[in-house]
Structure formats: structure tokens, C-alpha cells
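Protein chains in written order, with this note's numbering: chain A, 380 to 836; chain B, 380 to 836.
See below:
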């Protein structure tokens, strides 16, 4: 039966890609109010597609964007698998850097000569959601497990309504294990299980000085300049060893185990390859850690945006009334995101000159997570990956955040298998995002194998 | 005869304002390529208006924006006065902060109940140029001096073609003294002669790290973040005493004289009033100097714009490939602008991490200037101001820059009388720029008195 499922998947590569392209055309940018109707349309399109695989699907409205829940016919005495994904996407800006438009999916060879589909959302997360939709379709109504799909529309803007939804519908969503495909292979052809994610604390900082923009000749040097102040505040967040200076920032951090450090040193990614992959001569960060250790297991702080004053062509000699920065901190177990947010605000308030105003807006809080590597579910997932890709999977952690993993553990009491098919060069969150077509195919096979294997849970 | 001139001016207040509004409607934004035709049209409109006052006027094309030169009939044996002004204006952004549109002049009462005309360029510099046009008109062809008007269209973007023009036309422009109205009264009703201006060195700094935008989860903490690096570089430009840290920055600075410090302490502007005027609890800057001393006589550094990463609504977890800042330094005699630029670049290059790229673009270089206060021309100007405004003028320096003053001294060998009619709350370079209507009237009278008085030079 499984052979027939895999054969079906192999025979449907073109149709799968065609439908994925339809999925990608919808500009479901959840963080922008002007795309709200596109996001809603995308949810309805997806629910309709899922119904055609044999599941029933419902589009649940929320006070934000809708949530899609789909199920096969649940039978007692067999495991229930909850699949989570998101149909919303990051904003496409900056538009002028896309080779083909962000919402006009284009199939072409990537820089290494491999076929890929290029579009915003190609890998994050629509392409990977599509692996599961096609995998389920291939069972032709005969899945060996109970499946519940939970696909939301606000992941890229903080999942503001998901917590309440999962709490209110805990019974609808109950399961034995969760599966999420929104992470990476270690490298092309080296599939992976991800057992750790970083958390996130995303803040926006606003500094206001004079109550209107000033002429920098008439006032320069005699008034506080919010742009200069903001730079000083941001600069104060790191020391020369690349450590974040916020008091207490590292207090609750679970240190890397020597076992992890030894294993990761054997991974097939040198420091030179890492730096070359992003076009820099060498990486840098917290002293005493490798690039992999820094991005998988250490807490960090990055500016995501800077805004002040005149940004057009040429010169304007202005002291702008305001300056702002978007700053995100990636957290590891067991840092407490709310404590980190409070410490961040206090550190900056303490250093802020008394003749300017500082204000904060929070855009997202989630803790780092570690899932147990030795569990039966992880073992079955490793088998599914080995067959699906023909290679033993790498066991890795991930620098990014998937807050829903913590939510699902807390409310539904289950662990999550992070089995993703993206590649490090997919340009997630960047112009020219892509999804490797071989990953689409092998990912669909692997998802099907996973549903089959998990019947033995 | 002078009474008849002043009576004419008093009787033409409405007509003068109506024509000034026509002048203000033309969006002559010199720094924006898309307004190039508006700038040209403005030059032609102005030349036409000047011809109607009895002068001949020529619009000289340059490789940039045109320059207007106008003259009455020059007779030997009497002084020649060169009047300089500019018909171009600053960009209006941010547009959403204007009460009425920047290029739709509106007459209304300001926050203190005084009538003013609101538009971009109202005081800087069209309103003040208009004082001179109307003053000249009121002589009905019988000016007692030779007058040459030199009105350019690139002052707000660095006067890139003015130096060559003045050098090539030194004979056409030769004069005994120059007059510029592009500065302020000390306060409303307290007219001023300005005897010192700061210079300018305007730089743009670009930091590039990874060769494309990155996902801040996947890479955060392991790669150099250009936005964080830029903040560190900008922060390194000041110490905690408010001094600029660039090596050699203060080497050539002519210190304030004790006489100046004593005089300025008597000016009717307290630290509380200064701070209240810009909506801050108190000013700050270089330790050991008052607000007036800082802005008139000390060199300073300000950020005019910050740009990096995502600047839209909400959150985007990106490490942007690039970050940039616009930075201007105000200079005092005898700092050498080219030395300052080189020292600025070296300071930042030395501190720039070796795994990011840093690049610089220059947008303007001019030295600080001091003009002799005891000269006959300044004495005559003081008399003109005292009659025109009914109050003895304040003798002050100015924090802003008018690079042409140094050029005129260097090429034409003459000093400049800086007799301006703006007010500190005119919001120069800011939204809701205005020109006080009483200043328009008294400024026109004063300009006429100045041409009359300078006949005795």
C-alpha cells in the first residue's frame, strides 16, 4: 500500500507543482492590513484544496486572520497526528531586488544549477505545507493514522490569535504527536530532524527629542539628536566580545553540552563555507563559540530596521524629531521571554538621556525549546527521512523560532517533530526566496512515510 | 526720496504678499531630480518679476539648475552692492506633518497669534529674497547704488555649480560689498546682524555586510549585522562629554573670545526659553559651553538620517544586507573642511569591523566664516536695521552655513552683510515652515534702507 502511495506521489510531480504555484500567487502577507482580503482568500483556497484530498476542512474566523483545521475520519485505537503549518507569508520588500515578482512564481535553476520555484512563501511555509497536502492526497482516503491539520494565517506577525484558539479548541486538536515542516535540511541532500529552536523577543524602540524637526545648523550641538541617541543606545547592547550587555541576559541560559559541541564540530559545514554562503570574509559573534553554536544554542540580539530623518536622495540638514529601531532577540532554553523584554527596556531606559523620551512596542514573545531526541516518535521520523531521502538524517538545532511548538506542548501536552525540507540558501525572509523542486518531491515522500510510520507510535 | 520709497513699500503690502505666494507655489526642490523642471520654471518666473522692478535680468543655464543675475544701470563713482539669495527650497518631507500643503501657501496666525505665510521656502529663502525685490521696486528705477542680484537654484543641495559660475563671471559680479538675507532676527522684534556662520561637511556612510538580506533566526549572532555595526560607528563619534572624538577635530578651532562669551550671556534668551522653544526639558552638548556658544561657535556632529532593513508596519525578522546614515558636521573657523572629511572617514574606517564594507559619499564642504564687525558697511547696516525695525540690532553669530560667503570673499574679495529677517520658530527645514508677515514688511523696509545707506560706503 505504501508503495502505491509513493508511486502516486512520484507520478504527480507536475500537478503538485502547478497547484503549489496557485497557492504562491496569493499575496497572503499577514503583517500588512492592505492584504487582509488576500489572506482570507488564501485560507479559503487552501481549505478547498484540502477537501479535495479527502479530508474535511473548516475555515475558523478569528479577530485576526482565519485558521484552517482539517481532519480525516478519526478512528479509536490508532495514533493521532497533528500537522501544523502556516499559509501566511513575510512581506516581499524590498521589491526592486526580486529577479521575478514575489507573487509570480517562477521555475528556474538556482545558482548551483538545481531546479527551484521562486516566490515569497515558496519554502516558508507554503511549499512545505504542500508536501503534506500532496502526501495526504496520495493515501486516497486510506491514511493509517488520525490526522488533524492546523494551518494558521498569522505566523509571520506573531500568531496573535493562535494561543486562544488552541486553548478553546484543545479537544478538537488533541493528538499524540505534532509534526511541523518549517525548518531546513542541513544541506541539500542532507535531511534533518530539528530538536531545538530559539525563542524570540521582538521589540520596537522609539526615541523622541525636540517636538519638531529642526535645522541642524541652527540647533546642531545644542539639542539632543534622537538619531545619535538611538545609535548610542543600540551600540550599548553589545560589548567587544560580542556578548549582549543587558543585565541578567544570560542568567537562565542552559549551556551547551560537551556532547553537542563535539557532535556539531563533525557536521559538514566549515567556517569558510558558512561565511562564503552569505558573502562575507568571516563570521563573528559571541567570543568562544563557533558559528553553528552561536546560531543554534546562544541567545543573540539583532537590529532588523533603523528609521530616522531624511532618507531620500541627496542631502537634508535636519535634526529629526524621532528615531526608531526594530530589534529582535533570539532566546534559548530556559530564558524567560517576559523577563528578557523587561530587562531590555530597563537597560535602555537607564541609559537614555533624561531630555529625550523613549517608548517601546512589543511585537512577539516566545521561549526557546528543546524536544527529546530519544523518543519513539523521533526514531520513527528518522526512519521516514532515511527512506524518503535515501540518506540518514542529521540531528540538528535551529536558530529560528516556531513559537507554536511551546504552545502545543503547554496546551496539548505533546512534543513536536520538526521535519523540514528547506535549504540554507533558500533566502527565507529575503528577496528571491525559493523552494528546491527535489525537496518538494522528497519532502512529499517523507511526509507520506511519516504518516505511515507514525501508525506504529 | 527715501520717505517716498518707504511709503511705497507700506502701501504695497498686499500686492507684495500676493506675488510672494505665487513664488512659493512653485515646488523648486533642487535636491530632487523629479523637480528639475519646476526649478527651471521658478528661475524664469523670478527673472521676469525682477525685470518688472526696473532691473535687467538674465537666466544663466548651468550643468545643474539655472542662476539668475540682475542689474540696474551701473554708474561709475558710486558703490556696487551684490545681493545674493536662492530660489530653491528644501524637500518638504515628511508630508503628513504639514497642516496645509507645503506648496499651497496659507496665511494664518502662528502659535503666538502673529500673522504668517506658511509654505516650504517661505523664509528660506523666498520670503527674504522677496524683501529685496520689493525694496528695489520701490525705488522706481532710482536706486542710489549699483545693484547686482545673484540668485541661485542649488543652495539646498550644495551649490555645486556656483563656484565655477562666480569664478567665470567675477567681472560681471564685482562689487564693494555683498548682502545676504538668509539668517534670523535674534527674536521677533529683535533684528540682528550676523557676523559669523558655521561651515558644513555633509557625509553619507554605507555599511554592507552579508551579500543579501538574511533570516535573523537562521543567522542572528553568527554574522555581522550592518545596522548594529552602523550604530556602533555612529556612537563612537561622541564621548560622554558631548565632544566629537574624531582625532584632530578641534585642532584648528578658533576659541571663543571672553568678550563674545560675556556679550552672549547678556542676550535675552535663557537656557529655559531655548529648551522650551524646541519642546525639550533641557538642552545638551559639549560640556563647558552654553547652548548659544555651542550652536554659534563650536563644531558639532549630527545624524540627519538613518536607513536600514524593514521600516514598514509590524515585524520582519531580517538582518539587512545594508545600513546607511547621513551625517553632517558643522564647522567653525579655522577648521579645514577637507581635513575634517578625511579625518571622519579615517576614524570610521579604523573602527569598522574587517568583515563588513564601508563606503562614503560626500554631499557638501564649506568652511566656517567670521566677518569683521567694526567695518563701515556693518555700521551702515546697523543703522538701516535700527530705522527699519525701530530697534537697535543685536550682533550675533549663526549656527547654520552659507557657503557662498566664503566663496564671495575668496573670488570677489568682498565681505558679506548678513541681514536676515527669519525667526527662530519659523521651522526652517521642517514641516510648517513660515515667514512672519511683519518681518516681510519690516524686512522690505530694511532692505530699501540698506541700499540707501550703502550709497555712503
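All residues carry an ideal CB built from backbone N, CA and C; glycine is no exception. As the structure is a prediction and not an experimental result, all values here were calculated from the model.
So, helix, strand or coil for residue i, using DSSP?
i                      : result
residue 679 of chain A : strand
residue 585 of chain B : strand
residue 461 of chain B : strand
residue 449 of chain B : strand
residue 380 of chain A : coil
residue 745 of chain B : strand
residue 508 of chain B : helix
residue 408 of chain B : strand
residue 774 of chain A : strand
residue 689 of chain B : coil
residue 400 of chain A : helix
residue 529 of chain A : strand
residue 631 of chain A : coil
residue 483 of chain A : coil
residue 414 of chain B : helix
Along chain B, in chain order, which residues have C-beta atoms closer than 7 Å to that of residue i?
i                      : result
residue 775 of chain A : Chain B residues near residue 775 of chain A: none, gap ~12 Å exceeds 7 Å.
residue 661 of chain A : 734
residue 670 of chain A : 601
residue 577 of chain A : 596
Can you pull the chain B neighbours of residue i, defined as C-beta to C-beta under 9 Å?
i                      : result
residue 559 of chain A : The contacting residues do not exist; residue 559 of chain A stays about 14 Å from chain B at best.
residue 850 of chain A : Past the boundaries of the shown model lies residue 850 of chain A; chain A is included only from 380 to 836, so the question cannot be answered.
residue 581 of chain A : 694 and 696
residue 702 of chain A : 682 and 685
Residue i touches chain B at which residues, Cβ-Cβ below 8 Å?
i                      : result
residue 698 of chain A : 681 and 683
residue 536 of chain A : 693 and 694
residue 419 of chain A : What residue 419 of chain A touches in chain B: nothing, since even the nearest Cβ is about 18 Å away.
Among the options, whose alpha-carbon lies nearest the alpha-carbon of residue i?
i                      : options                       : result
residue 557 of chain A : A/382, A/791, A/800 and A/822 : A/791
residue 391 of chain A : A/441, A/515 and A/405        : A/515
residue 816 of chain A : A/709, A/485, A/461 and A/658 : A/485
residue 711 of chain A : A/719, A/728, A/676 and A/693 : A/676
residue 337 of chain B : B/804, B/455 and B/584        : The structure shown does not extend to residue 337 of chain B, since chain B is modelled only from 380 through 836, so no value can be given for it.
residue 386 of chain A : A/528, A/767 and A/703        : A/767
residue 696 of chain A : A/597, A/655 and A/819        : A/597
residue 604 of chain B : B/680, B/687 and B/628        : B/687
residue 417 of chain A : A/442, A/532 and A/806        : A/532
residue 586 of chain A : A/594, A/579, A/611 and A/683 : A/611
residue 552 of chain A : A/563, A/747, A/811 and A/460 : A/460
residue 745 of chain B : B/786, B/724 and B/721        : B/786
residue 772 of chain A : A/748, A/788, A/793 and A/797 : A/797
residue 445 of chain A : A/590, A/530 and A/832        : A/530
residue 684 of chain B : A/681, A/544 and A/692        : A/692
Residues of chain A with CB closer than 9 Å to the CB of residue i, please, in chain order.
i                      : result
residue 712 of chain B : Within 9 Å Cβ-Cβ: nothing; residue 712 of chain B doesn't reach chain A, min ~15 Å.
residue 617 of chain B : 607 and 611
Quick one: which chain A residues come within Cβ less than 7 Å of residue i?
i                      : result
residue 599 of chain B : 674, 679, 681, 709 and 778
residue 686 of chain B : 685 and 690
residue 614 of chain B : 610, 611 and 614
What does residue i reach in chain A if we use C-beta pairs closer than 8 Å?
i                      : result
residue 743 of chain B : 694
residue 567 of chain B : Correct list: empty, because the minimum Cβ distance to chain A is about 15 Å.
residue 730 of chain B : Result: empty, since nearest Cβ-Cβ is about 11 Å, beyond 8 Å.
residue 718 of chain B : None at all; the shortest Cβ gap to chain A is about 19 Å.
Give me the subset of the segment 639 to 667 of chain A whose CB atoms are less than 7 Å from a CB atom of chain B, sorted by chain position.
657, 658, 659, 660, 661, 662, 663, 664 and 665
With a threshold of 8 Å, are at least 3 pairs of Cβ atoms found where one atom belongs to the segment 637 to 645 of chain B and the other to the segment 737 to 755 of chain B?
no
Output needed in chain order: residues of the segment 584 to 608 of chain B with a Cβ under 8 Å from some Cβ in chain A.
588, 589, 590, 591, 592, 593, 594, 595, 596, 597, 598, 599, 600, 601, 602, 603, 604, 606 and 607
Which residues, taken in chain order from the segment 391 to 410 of chain B, show a beta carbon closer than 9 Å to some beta carbon of chain A?
409 and 410
Using 8 Å as the Cβ pair cut-off and three pairs as the minimum, do the segment 660 to 669 of chain B and the segment 562 to 570 of chain B touch?
no
Any chance the segment 419 to 429 of chain B sits against the segment 438 to 457 of chain B, with 3 or more Cβ pairs inside 8 Å?
yes
What are the residues of the segment 782 to 812 of chain B that lie near chain A, defined by any Cβ-Cβ distance shorter than 8 Å?
Per Cβ criterion, the list reads 803, 806, 807, 808, 809, 810 and 811.
Do three or more CB pairs link the segment 386 to 402 of chain B to the segment 772 to 780 of chain A at distances below 8 Å?
no
Does the pairing of the segment 465 to 479 of chain A with the segment 401 to 409 of chain A give three or more beta-carbon distances under 8 Å?
Short answer: they touch.
Between the segment 571 to 585 of chain A and the segment 750 to 769 of chain B, do three or more beta carbon pairs fall short of 8 Å?
The way I'd put it, the segment 571 to 585 of chain A doesn't touch the segment 750 to 769 of chain B; fewer than three beta-carbon pairs between them come closer than 8 Å.
Residues of the segment 454 to 470 of chain A whose Cβ lies closer than 7 Å to any Cβ of chain B, in chain order:
469 and 470
Three or more C-beta pairs closer than 8 Å, one from the segment 539 to 550 of chain A and one from the segment 714 to 721 of chain A: is that the case here?
no
Name the residues in the segment 484 to 514 of chain B whose C-beta lies less than 7 Å from a C-beta of chain A; which are they?
none
Touching or not, the segment 799 to 808 of chain B and the segment 502 to 519 of chain B, by the rule of three or more beta carbon pairs under 8 Å?
Contact holds: three or more Cβ-Cβ distances are below 8 Å.
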